[in-house]
Amino acid sequence: MKAIDIHELAFNPFIRFGEDFSLVSAMKPDGTVNTLTAAWGTFGTYWNRSVATVLIRPQRYTKEFIDADDHFTLSFFDSSHESVTEALWYIGRVSGRDEPDKVERAGLHATMVGGYPTFEEASLLLVCRKIYAAPLIEQAFLDDDIIKKHYVKKDFSIQYMGTVEEVWIASNN
């Protein structure tokens, strides 16, 4: 991968999160890494900073890793490869708590770039430094259908916002 300036990025954020998905990864101080598939997230500008935001349910194993680290990464893939799409679905369904080698079983290859976790198959890596974390609260939802469809168990996600500090793209891009 090669580093680029964030202002060189050109993609549709609705496709990147909403259709392509991504893998959110973080590392504990002992060097262990965990990842999960994320389809809910945003990009934007807060407090004069370029940020990425992801939503993680409180029971997800990766939450422990994100809470223990100052950074998280977002790895994006070329969704035209059916095997990658299948891998992302698999990683989203299986917990690293139950299956520590889920990334390998999914057919992806974990690696480090600039000291941060990602995957050899990734086409884009965003390294984000956490700047804000807060749980979504039921009283703030103005559309009850979201709760009925996505939070039946009332296990409201935690919103993690990070300043995008580094952007890496696959060398062949």
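Quick note: the sequence shown uses my numbering, first residue 6, plus one each step. Backbone N, C-alpha and C define an ideal beta-carbon position, used for all residues, glycine too.
Alpha-carbon to alpha-carbon, residue j and residue i
i, j, result
"residue 59", "residue 164", "6 Å"
"residue 46", "residue 8", "22 Å"
"residue 24", "residue 35", "33 Å"
"residue 15", "residue 99", "31 Å"
"residue 44", "residue 95", "13 Å"
CB-CB length for residue i against residue j, believed under 8 Å
i, j, result
"residue 92", "residue 79", "That belief does not hold up - the Cβ atoms of residue 92 and residue 79 are roughly 16 Å apart, past 8 Å."
"residue 89", "residue 126", "6 Å"
"residue 128", "residue 174", "7 Å"
"residue 41", "residue 65", "6 Å"
Span of the beta strand (DSSP E), counted from its first residue to its last, around residue i
i, result
"residue 61", "54 to 61"
"residue 31", "27 to 32"
Unbroken alpha helix (DSSP H) run spanning residue i, endpoints
i, result
"residue 111", "107 to 111"
"residue 95", "87 to 98"
"residue 23", "18 to 23"
Counted within 10 angstroms of its Cβ, other Cβ atoms place residue i as buried (16 or more) or exposed
i, result
"residue 117", "exposed"
"residue 50", "exposed"
Examine the Cβ distances between the segment 56 to 73 and the segment 158 to 174 and report whether three or more of them are shorter than 8 Å. yes
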